[in-house]
Amino acid sequence: MALSTTLLLSWSAQRERGAAFRAEPTLPMCLVVNRDGVVFNTYADRLGIEGGSVLLPSLGGTLLTSDLTVHDLAGLTEPRIADALAAGDTEGLRAYAFRELRPTFVHAVGVWARKTGMTAPRLTAEGYVPVYRTDDGGGD
């Protein structure tokens, strides 16, 4: 009986929050599919790149559609990036990304550009050419 009561209380508490999230997700999957999957495939196709890769923080929708090798800037699937982020070691993170992963494309905007130091000037210094820039110094 106690378990049933606990489950009922938990369900009713989460119901409203779940409905609100479904109505306005923090980062809609379709946005990630189009922005990070389709767009980077298009960049690679138009530039004639085969066997390319992309480093970015939003994997879900990207992995559904990308023809590229996808590297995780958020560190969920890249242990060395996770360790660097946890230690606040942005230099180590960038060294690993630029020297070992050497992705064809890098997408870092907003908090991810600031958190990793992967701003447009830094990417340019590493030999990357901006394809798209955001007002906060990030971009592709």
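According to this note's numbering, the stretch in the sequence shown is residues 97 to 236, in order.
Glycine included, each C-beta is placed from N, C-alpha and C at the ideal position.
Check                                                                          : Outcome
Burial state of G157 (16 or more Cβ within 10 Å)                               : buried
Euclidean distance between Cα positions of E187 and R111                       : 43 Å
Sub-8 Å separation of F240 and F194 beta-carbons                               : With the chain covering only 97 through 236, there is no way to say anything about residue 240.
Short Cβ contact (8 Å threshold) for P199 with V134                            : no
Helix, strand or coil at A204 according to DSSP, with G and I counted as helix : strand
Beta-carbon gap between L155 and T173 smaller than 8 Å                         : yes
V166 - partner residues in DSSP beta bridges                                   : V150
Between the CA atoms of H167 and L143 - distance to the nearest angstrom       : 20 Å
Cα-Cα separation, T165 to A115                                                 : 34 Å
Option nearest S162 by Cα separation, candidates R176, L169 and R131           : R131
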